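A quick write-up on the structure given underneath.
Residue numbers (this note's numbering): 4 to 88.
If you want it as structure tokens, here you go:
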């Protein structure tokens, strides 16, 4: 639901560096661009529709790797309130 909380969680490791630091983990959406950084990112501002969410990790040499998933944010449904009189 638009405005609902979505928490993105991910991590990356590198043979030389070990666990990749939060500031080297970048979340992005094909609909809204860069969303933020870190292994856990709470977001309450995703637009309705299908998003391709990508997590990109960079190691100490600047080499990057990415993974992408699809999520769907539903549209808000407004129903009329009926009085039972």
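For glycine and all other residues, C-beta sits at the position ideal for the given N, C-alpha and C. Values in this document were obtained by computation on a predicted structure and should not be read as measured data.
For residue i, count neighbouring Cβ atoms within 10 angstroms of its own Cβ and tell me buried if that reaches 16, exposed if not.
i, result
"residue 11", "buried"
"residue 27", "buried"
"residue 8", "exposed"
Based on Cα-Cα distance, which residue from the options lies nearest to residue i?
i, options, result
"residue 54", "28, 37, 61", "37"
"residue 32", "80, 79, 71, 8", "71"
"residue 60", "8, 6, 18, 25", "25"
Expressed to the nearest angstrom, what Euclidean distance is found between the alpha-carbon atoms of residue i and residue j?
i, j, result
"residue 43", "residue 14", "9 Å"
"residue 17", "residue 46", "27 Å"
"residue 69", "residue 58", "6 Å"
In three-state terms, what does DSSP make of residue i?
i, result
"residue 33", "coil"
"residue 70", "strand"
"residue 62", "coil"
Write down the C-beta distance between residue i and residue j rounded to the nearest angstrom, noting that I regard them as a contact closer than 8 Å.
i, j, result
"residue 56", "residue 30", "7 Å"
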